[in-house]
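Novice: One structure, pasted below without further comment.
What follows is the structure, given as structure tokens:
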């Protein structure tokens with residue numbers, strides 16, 4: 152399916168390559184020319200699947216049965232748009248090693264490409280029975296199996312949704328500086344003033360709802376429509392803190408085979424104390440490409456306008472333009488995922504705030520590990536470094552800030568589509584204007600249903 156479901160295919164390809172390569176390395180037969188296999192492997196890693204297939208196919212009569220050769224030939228056939236050939240080669244491997252999870256995933260992809268959605272669904276469901284799949288890949292396979300079932304029934308439209316409820320504790324709900332007193336050196340009239348900290352801690356409850364509809368126009372083009380709601384209510388200090396967001400997205404997707412592009416419109420509304428506080432509208436574009444060496448590359452860009460609707464807040468209106476670049480890969484035997492993302496952009500002070508425009512950039516890393524069929528863990532860390540162009544009226548300087556965050560958690564899937572996620576996170580902001588420095592810790596547990 153060459154629509155937004157290709158995203159699932161790309162991630163399965165990443166997982167399959169890592170699993171297959173790790174398994175097959177020790178299985179090469181001595182009589183097979185290793186130089187040929189190494190060259191084919193290099194061609195596949197370079198994205199030259201057609202050349203790899205032309206190199207390997209003439210050797211099939213003598214090399215068939217060698218699992219390294221069969222793996223490389225099957226991969227070359229699938230990536231060069233010969234799914235029928237790929238299924239024959241994969242059958243040889245599975246006849247010997249039926250628990251070869253990476254080949255099962257690629258067999259599902261091959262059947263999907265052939266339009267045999269019934270058998271594709273069977274292969275994906277077989278993959279789901281294996282232990283130690285990373286949790287997000289397990290979710291991806293579940294969605295892909297759902298898409299295969301929809302195609303088997305000739306459905307052009309697939310809908311997915313989720314509900315999430317949580318409880319937590321935030322040590323600093325207002326992201327306030329916790330110093331006993333602060334001096335403002337920027338003006339003689341306030342230099343001697345002190346600041347009373349307001350770093351309150353409180354328990355909270357959250358509710359999240361969301362859904363997305365994907366409609367297949369043809370083998371390349373698709374439409375998507377989605378929305379999300381997230382609300383947070385604090386127990387003791389709800390005034391000026393209880394909030395909710397409603398976000399929507401609408402756009403088109405186009406698949407170029409190994410890559411997928413999604414572009415569209417986004418909009419959102421943020422409410423504070425049940426009153427509309429800010430509206431956001433914008434454009435987004437997201438491009439992802441799966442490489443045959445088990446990696447995935449991504450690029451993104453967006454332009455977002457934020458309009459503050461509360462009385463006296465219009466000076467905070469902004470336009471944010473940003474770009475992102477990312478890399479994702481599988482580790483070990485496919486039971487772990489590592490990703491690195493870089494973000495850079497500018498927040499234009501279109502409302503005329505004193506601090507002026509803000510330039511920002513920073514990295515984010517994610518490591519996710521599956522411990523068994525139902526339990527996985529993750530850790531993510533990020534940093535954002537920003538600099539303002541205007542002069543802060545309190546400190547008579549250009550603000551420079553460094554924002555750091557760290558989060559780790561577990562995901563326990565105890566029923567189909569149902570998971571429990573405890574998480575602990577820490578955020579620290581360091582500013583040369585002391586008032587804006589703060590840190591906070593958040594502990595939460597969330598119950599989520601995907602369907």
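Residue numbers (our numbering): 152 to 602. Here a beta-carbon is modelled for each residue, glycine too, at the ideal position from N, C-alpha and C.
Cβ atoms of residue 385 and residue 396: under 8 Å apart, would you say?
Specialist: By 1-based counting over the chain shown, the position of residue 396 is 245. By 1-based counting over the chain shown, the position of residue 385 is 234. Cβ atoms of residue 396 and residue 385: not closer than 8 Å.
Novice: If you reduce the DSSP assignment to three classes, tell me which class residue 522 lands in.
Specialist: To locate residue 522, count along the chain shown from 1; it is residue 371. Correct three-state label for residue 522: coil.
Novice: Three-state secondary structure (DSSP) at residue 234?
Specialist: Numbered from 1 along the chain shown, position 83 holds the residue referred to as residue 234. Of the three classes helix, strand and coil, the one that applies to residue 234 here is helix, per DSSP.
Novice: Grab me the residues of residue 551's own chain with a C-beta within less than 6 Å of its C-beta, minus the 5 sequence neighbours each way, in chain order.
Specialist: As a position in the chain shown, residue 551 is number 400, starting the count at 1. Excluding positions up to five away in sequence, the list reads 538, 583.
Novice: Measure the C-alpha to C-alpha separation of residue 352 and residue 388 and round it to an integer number of angstroms.
Specialist: Taking the first residue of the chain shown as 1, we reach residue 352 at position 201. Taking the first residue of the chain shown as 1, we reach residue 388 at position 237. Approximately 9 Å between the Cα atoms of the pair.
Novice: What is the DSSP secondary structure of residue 404, reduced to helix, strand or coil?
Specialist: Within the chain shown, numbered from 1, the residue matching residue 404 stands at position 253. It is a strand residue.
Novice: In chain order, which continuous runs of the alpha helix (DSSP H) of length 4 or greater are located wholly inside the segment 243 to 328?
Specialist: DSSP runs (the alpha helix (DSSP H)) wholly in the segment 243 to 328: 252 to 265, 268 to 278, 286 to 303.
Novice: Considering only the alpha carbon of each residue, which of 427, 422, 399 lies closest to residue 416?
Specialist: If you number the chain shown from 1, residue 416 lands on position 265. Minimum Cα distance to residue 416 is reached at 399.
Novice: Let me confirm a value: residue 213 is counted as buried when at least 16 other C-beta atoms fall within 10 Å, else exposed. Which label applies?
Specialist: Start at 1 with the first residue of the chain shown, and residue 213 comes out as number 62. It is exposed - the Cβ of residue 213 has fewer than 16 other Cβ atoms within 10 Å.
Novice: Rounded to whole angstroms, what's the CA-CA distance from residue 546 to residue 581? Just pull it up for me.
Specialist: Here residue 546 refers to the residue found at position 395 when the chain shown is read from its first residue. Here residue 581 refers to the residue found at position 430 when the chain shown is read from its first residue. Roughly 15 Å separates the two Cα atoms.
Novice: What is the rounded straight-line gap between the Cα of residue 529 and the Cα of residue 209?
Specialist: Here residue 529 corresponds to residue number 378 of the chain shown, with the count starting at 1. Here residue 209 corresponds to residue number 58 of the chain shown, with the count starting at 1. For residue 529 and residue 209, the distance between alpha carbons rounds to 45 Å.
Novice: DSSP on residue 214, reduced to helix/strand/coil?
Specialist: Here residue 214 refers to the residue found at position 63 when the chain shown is read from its first residue. In the structure shown, residue 214 sits in a helix (DSSP, three-state: H, G or I).
Novice: So, does the segment 458 to 477 touch the segment 492 to 506, judging by three or more C-beta pairs under 8 Å?
Specialist: Yes: the two stretches touch, three or more of their Cβ pairs being nearer than 8 Å.
Novice: So, using beta-carbon positions, are residue 461 and residue 428 closer together than 8 Å?
Specialist: Residue mapping note: residue 461 aligns to position 310 of the chain shown, counting from 1. Residue mapping note: residue 428 aligns to position 277 of the chain shown, counting from 1. Yes, these two residues count as a Cβ contact at 8 Å.
Novice: Identify whether residue 225 lies in helix, strand or coil by the three-state DSSP scheme.
Specialist: The sequence position of residue 225 within the chain shown is 74, counting from 1. In the structure shown, residue 225 sits in a helix (DSSP, three-state: H, G or I).
Novice: Starting from residue 204, trace the beta strand (DSSP E) both ways and give me its first and last residue.
Specialist: What you label residue 204 is simply residue 53 of the chain shown in a count that begins at 1. Residue 204 -> not in any beta strand (DSSP E); alpha helix (DSSP H) instead, spanning 200 to 207.
Novice: Whole-angstrom Cβ separation of residue 243 and residue 197, contact assumed at under 8 Å?
Specialist: For this step, residue 243 is matched to residue 92 along the chain shown. For this step, residue 197 is matched to residue 46 along the chain shown. At roughly 25 Å, the Cβ-Cβ gap does not stay under 8 Å, so residue 243 and residue 197 are not in contact.
Novice: DSSP beta-bridge partners for residue 511?
Specialist: Stepping through the chain shown from its first residue, residue 511 is reached at position 360. Partner(s): 496, 537.
Novice: Suppose the cutoff is 6 Å on Cβ atoms and the five residues either side in sequence are ignored; what does the same chain contact list for residue 381 look like?
Specialist: Here the question's residue 381 lines up with position 230 in the chain shown. Cβ neighbours of residue 381 beyond the five flanking positions: 359, 396.
Novice: Going straight from the alpha carbon of residue 374 to that of residue 418, what length do you get?
Specialist: In the chain shown, residue 374 corresponds to position 223, counting from 1. In the chain shown, residue 418 corresponds to position 267, counting from 1. Taking the straight line joining both Cα atoms gives about 17 Å.
Novice: Going by C-alpha to C-alpha distance, which of 219, 278, 313 sits closest to residue 568?
Specialist: In the chain shown, residue 568 corresponds to position 417, counting from 1. It is 313.
Novice: For residue 185, name the three-state secondary structure that DSSP assigns.
Specialist: For the purposes of this step, residue 185 is taken as the residue at position 34 of the chain shown. In the structure shown, residue 185 sits in a helix (DSSP, three-state: H, G or I).
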